[in-house]
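A.B. asks: Sharing a structure below in structure tokens format, with a few things to ask.
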Amino acid sequence: MPQSNVEEREILFLPTNQEHDDISNFAAANTLTPPKPPKNRTIIEPAVFLIYVASVLASAVLQNQILYQTCTVVYEYNVTVCKPMLGIVPETNQTAEIETKVQPYVANIIMTSSVISSVLPAFLSLFIGPWSDKFGRRPVLVATFSAGFIGHSITTILAAISLLTPLNPWVYILSNVPLALTGGTCALITMVFCLVSDVSDEGGKARRMFFVDGALGIGMLIGNVISSYILAGTGTIGVFTIAASIDLLALLYLLFFVDESLQIQHERKESHLREFFKFGLIKDLVRSCLKRRPHYDRAIIWCIMFTLVTTTFVTQGESNVFYLFLRNKFNLTLQQFTTFNAVTICIKMVGCGLILLILRVLFKTPLTVVAMLGLLGCFTDSLIRSLAQAFWQMYLAATCGFMGGINSPMLQAVLAGLVEATEIGKIYAVISSLQTLSPLASAPVYTGIYRATLESYPGAFYLLSAAIYCICLVLITVLFIMQRLGVKAARQQSTA
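For what it's worth, my numbering labels the leading residue of the sequence shown as 520, then goes sequentially.
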């Protein structure tokens, strides 16, 4: 499931008059109005927190388990020699040498897993957004939360079987299938942001989206902090069992304490599943993305979409090789790795919170300017990591990049303010689809760079990340200029 955190585009043909009438009639039969449920029934942040605790708790341990089983089953090394790969104790020189041979094989498993988790969710995401605009956000959320629970349950069963008989590590890819069938992590986060957008006024969108990102970040923080201790106390199966239990708790919270954010009135009884695969929804989606909008709004939407997708490309690509990089470069144990992740998340959360308080609350700084500072922090972080020769320099990178991460909620808030409530699901669907597809490109790119530079310059992939963040920073600067020009044009029209 998610580790992540987070993170929709479009292309279409204009409909004929008949098609337009068909879509209009269908929309009239499935009316969505802005929600008015009690506010305490739309607080989804606790569920987001729990689901990310479970995801991060299991993810690093799963990579260690794959390393260990690759060493013992595929390369047939002695169990004693391979045991340090579980991440509990430091590696010996012999184990480090063996792991250098094992890591490229493991990188291929991780890359394949990323691809499987991308193809089907990317296709489904195109339907999920428009479908949720008509039938609500809650069904998609229930499906994705359930899939997270099933996925970790499968991982638990496979890990238990591996204790009884040698098990090829490729079988762990099966745990990705349930979430892939429901749209993946991007579908989950997209629906969360849609729900938040549905129930928030213009002034509260940025704040609520920051709270969602905060719940996500705190979940990742807690997951990183406790994973190594749970592993040491209960073993691999214990970690996966606890992760599945937390997923179940998140699902129960969603079922009993979160209401639908849209009021849906059906004049006819139809199969929701059959309506899901109506390609008229895709036409509606493309029309929303391509239609002309005043004051450069369409160009601004496209710039935001491109930035959100490319930053996801970076984070997904780095996630495939980050742990392997730290083990190779600095010989970290799992506890050192999770501690570093926890500290990094704390630094970014505190930094982003202060930036939001000072710039947005006190000085009313435009959202795009805050997003630019976030991208600058990401660029600085990646550049320092690429040059790091000692582990303390990784902490320096996190400190210098303390603003990194605030760009995403700020840009999502800008996006939500540019489109109507009945369109936001469609726009997010395109973004979600492209974000979900990004590992298809980022996984082989980052894995290829890492494998090619494994012995000479293992941090080379961070140079690519820094370059991409630099491009995004320039693009958002252009976006800010377009916004200023749009405001100026609107004022001139109002005074004409």
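Note that beta-carbon positions come from the ideal geometry of N, C-alpha and C, so glycine has one too.
Just to confirm before moving on: does the CB-CB distance between Ala577 and Ala762 stay below 8 Å?
C.D. replies: Yes.
A.B. asks: Leaving out the 5 sequence neighbours to the left and right, which residues in its chain are closer than 6 Å to Val833 when beta-carbon positions are compared?
C.D. replies: Ser984, Ile987.
A.B. asks: Could you check what DSSP says for Gln908 in three-state terms: helix, strand or coil?
C.D. replies: It is coil, neither helix nor strand.
A.B. asks: What whole-angstrom Cβ distance do Gly648 and Glu779 have, given they're in contact under 8 Å?
C.D. replies: Wrong, their Cβ atoms sit about 16 Å apart, outside the cutoff.
A.B. asks: Report the option in Asp717, Val592, Gly667 whose CA atom is closest to the CA atom of Leu683.
C.D. replies: Of the listed residues, the one whose Cα sits closest to Leu683 is Val592.
A.B. asks: Is the segment 902-916 in contact with the segment 697-706, if contact means three or more CB pairs nearer than 8 Å?
C.D. replies: No contact exists between the segment 902-916 and the segment 697-706.
A.B. asks: Check Lys883 in the structure and name its three-state DSSP category.
C.D. replies: Of the three classes helix, strand and coil, the one that applies to Lys883 here is coil, per DSSP.
A.B. asks: Since Met868 contacts Gly754 with CB under 8 Å, what's their CB separation in whole angstroms?
C.D. replies: Not confirmed; about 30 Å, so no contact.
A.B. asks: Please determine, among Ala769, Leu895, Met922, the residue with the shortest C-alpha to C-alpha distance to Thr863.
C.D. replies: Nearest option by C-alpha distance: Met922.
A.B. asks: Whole angstroms are fine: how far does the CA of Ile765 sit from the CA of Ala573?
C.D. replies: Going from the Cα of Ala573 to the Cα of Ile765 covers about 6 Å.
A.B. asks: Leaving aside the five residues before and after Ser543 along the sequence, list all residues of the same chain whose C-beta is less than 8 Å from its C-beta, in chain order.
C.D. replies: In this predicted model, Ser543 has a pLDDT of only 41, less than 50, meaning its place in the structure is not dependable enough to derive any value.
A.B. asks: Leaving aside the five residues before and after Thr918 along the sequence, list all residues of the same chain whose C-beta is less than 8 Å from its C-beta, in chain order.
C.D. replies: Within the same chain, Thr918 has close Cβ partners Ile866.
A.B. asks: Roughly how far, in whole angstroms, is the beta-carbon of Ile946 from the beta-carbon of Cys808, given that I think they are within contact range, below 8 Å?
C.D. replies: Rounded, the Cβ-Cβ distance is 6 Å, consistent with contact.
A.B. asks: Going along the chain, which unbroken runs of the alpha helix (DSSP H) with 4 or more residues stay wholly within the segment 923-1006?
C.D. replies: The qualifying runs are 926-937, 940-971.
A.B. asks: To the nearest whole angstrom, what separates the beta carbons of Leu768 and Leu569, a pair I think is in contact under 8 Å?
C.D. replies: Leu768 to Leu569, Cβ: 6 Å. Contact.
A.B. asks: How should Tyr502 be labelled, buried or exposed, when 16 other C-beta atoms within 10 angstroms of its C-beta is the threshold for buried?
C.D. replies: It is not possible to answer for residue 502, since the shown part of the chain is limited to 520 through 1015.
A.B. asks: Give the straight-line distance between the Cα atoms of Gln954 and Ser716, rounded to the nearest whole angstrom.
C.D. replies: Whole-angstrom Cα-Cα distance: 19 Å.
A.B. asks: So the alpha helix (DSSP H) Cys865 belongs to, where does it begin and stop?
C.D. replies: Here the alpha helix (DSSP H) through Cys865 covers 853-874.
A.B. asks: Leaving out the 5 sequence neighbours to the left and right, which residues in its chain are closer than 6 Å to Thr552 when beta-carbon positions are compared?
C.D. replies: Model confidence at Thr552 stands at a pLDDT of 46, short of 50, so the residue's coordinates are unreliable and nothing is read from them.
A.B. asks: When DSSP labels each residue in this structure, what does Pro640 get in the three-state scheme?
C.D. replies: Pro640 falls in the helix class under three-state DSSP.
A.B. asks: Determine the direct distance from the alpha carbon of Leu740 to that of Ala861, and round the result to whole angstroms.
C.D. replies: Going from the Cα of Ala861 to the Cα of Leu740 covers about 5 Å.
A.B. asks: Between Leu973 and Ser905, how many whole angstroms is the CB-CB distance? I'm expecting something under 8 Å.
C.D. replies: The Cβ separation is near 15 Å, so there is no contact.
A.B. asks: For the candidate residues Leu714, Phe798, Leu845, whose alpha-carbon lies nearest to that of Val777?
C.D. replies: The shortest Cα separation from Val777 among Leu714, Phe798, Leu845 belongs to Leu714.
A.B. asks: Taking Gly757 and Tyr571 to be in contact with their CB atoms under 8 Å, please state how far apart those CB atoms are, rounded to whole angstroms.
C.D. replies: Wrong, their Cβ atoms sit about 19 Å apart, outside the cutoff.
A.B. asks: State the start and end residues of the unbroken alpha helix (DSSP H) segment that holds Arg846.
C.D. replies: 816-849 is the extent of the alpha helix (DSSP H) around Arg846.
A.B. asks: Just tell me which of Glu942, Lys653, Leu956 has its CA closest to the CA of Ile820.
C.D. replies: It is Glu942 whose Cα lies nearest to the Cα of Ile820.
A.B. asks: Could you check if Tyr748 is buried or exposed, using at least 16 other CB atoms within 10 Å of its CB as the buried criterion?
C.D. replies: When all chains shown are included, Tyr748 counts as exposed.
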